[in-house]
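Trainee:
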Amino acid sequence: MITRLKNLFLFSMMLVAVGSWASSSVLNPTSEELQSAAKRIFQNETGGKKENLVVWNVGEEFPSLGIGHFIWFPKGVKAPFTEGFPMLVKAYLANGYKASDLPKVMTATSHAPWNSRDEFNALKAAGNKEIAELIEFLYKHQEVQVRFIMERLEASLDKMMAASDRPDHVREQFYRVAKSKNGFYPLIDYVNFKGEGVNPSERYKGKGWGLLQVLETMKGTETGTKALKDFSNAAAKVLNQRIANSPIERGEDRWREGWMNRVRTYAQ
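Quick note, the sequence shown lines up with residues -22 to -1, 1 to 246 if you use mature numbering (1 follows the signal peptide of the UniProt record, and there is no 0).
(1) What are the start and end residues of each continuous alpha helix (DSSP H) run of 4 or more residues lying completely inside the stretch 17 to 62, in chain order?
(2) How far does the alpha helix (DSSP H) with GLN151 in it extend, from its first residue to its last?
(3) Below 6 Å CB to CB, which residues in the same chain sit around ARG228 once its five sequence neighbours on both sides are set aside?
(4) If I measure Cβ to Cβ from ALA(-1) and keep anything under 6 Å in the same chain, skipping five residues before and after, which residues do I get?
(5) Look at the Cβ atom of MET138, then the Cβ atom of LEU190, and state whether they are nearer than 9 Å.
(6) Is it buried or exposed for LYS102, if we count other Cβ within 10 angstroms and need 16 for buried?
(7) Measure how close the beta-carbons of LEU80 and PHE115 come, nearest whole angstrom, since I'm counting them as under 8 Å.
(8) Starting from the Cα of LYS172, find the closest Cα among LYS183, ARG18, VAL192 and give me that residue.
(9) Assign ASP167 to one of two classes, buried (16 or more other C-beta atoms within 10 Å of its C-beta) or exposed (fewer than that).
(10) Please report the straight-line C-alpha distance between GLY25 and ILE49, rounded to a whole angstrom.
(11) Per DSSP, which residues does TYR182 bridge with? Please list them.
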């Protein structure tokens, strides 16, 4: 979970200003496609349990909220990640929501109102009203969250192209998937799952396993079902390569079945 959270913020925090993205984004998914992507990401990231939309992970100094696990710092906390949750709040306000439409905890302060994981978990277990309202809101209003992620995913394309020896191929395959029906889900889910693939330290035997490596592995030009199948197959190949190259002591083969089940959903 911690790795996925860090991977998400490598790409999702690239733009500082949050505004209405509908007019500037090259991608323009339908509401149905966004809802489908949000539903699948919700299932993957929470196990289908809405209470997991608002959590404080072991070893972290901050809670994670929403389908993208957007982080929110308590007062005084500093960490080498950009906060996503305050930006998500701005995204809601910039896209038709009024402050009065949001749970008070989202607008009452710029920092998370809980001082520690123990405090947060105790309040959550006791059915704290603020936390319960936040969970319910984030569960019912996922489309803005997935749009927020999508815009920053598109912004990360330049970063992946710069890191590749075949930037044109990477761009072609990215949009080949993105412009296919329901193609946003595999892109968004995979980058949240295994990162962009641009960090040189994230390698086994010189081989990465992020979205960049999946796009580089893909072949073909067709959009639609063929593009999604190619993405799914490329993701499986990249992850199997990671397992094969991983240090034996890490025992990564134990994750193979779950990983393969996940990437199969990209072709569905």
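All C-beta atoms, glycine included, are put in the ideal place defined by N, C-alpha and C. The model shown is predicted, which means the values in this text are computed figures rather than measured ones.
Mentor: On the basis of the supplied data:
(1) For the stretch 17 to 62, not a single whole alpha helix (DSSP H) run of length 4 or above is found.
(2) Here residue 151 is taken as the residue at index 173 of the sequence shown, counted from 1. That run of the alpha helix (DSSP H) goes 145 to 156.
(3) Position 250 of the sequence shown, counted from the start, is the residue given in the question as residue 228. Answer for ARG228: no residue qualifies.
(4) The residue labelled residue -1 in the question sits at position 22 within the sequence shown. Since pLDDT at ALA(-1) reaches only 39, below the 50 mark, its modelled position is unreliable, and no value is offered.
(5) Residue 138 sits at position 160 when you count from the first residue of the sequence shown. Residue 190 sits at position 212 when you count from the first residue of the sequence shown. Inclusion of MET138 and LEU190 in the CB contact set at 9 Å is warranted, their separation being smaller than that value.
(6) Here residue 102 corresponds to residue number 124 of the sequence shown, with the count starting at 1. Around the beta carbon of LYS102, 16 or more other beta carbons sit within 10 angstroms, so the residue counts as buried.
(7) Along the sequence shown, one-based indexing puts residue 80 at 102. Along the sequence shown, one-based indexing puts residue 115 at 137. With 8 Å as the limit, LEU80 and PHE115 qualify as a contact, their Cβ atoms being about 7 Å apart.
(8) Here residue 172 corresponds to residue number 194 of the sequence shown, with the count starting at 1. Cα-wise, what sits closest to LYS172 is VAL192.
(9) Along the sequence shown, one-based indexing puts residue 167 at 189. When all chains shown are included, ASP167 counts as buried.
(10) Locating residue 25 in the sequence shown gives position 47, counting from the first residue. Locating residue 49 in the sequence shown gives position 71, counting from the first residue. Rounded to whole angstroms, GLY25 and ILE49 show a C-alpha spacing of 19 Å.
(11) Position 204 of the sequence shown, counted from the start, is the residue given in the question as residue 182. Under DSSP, the beta-bridge partners assigned to TYR182 are LYS185.
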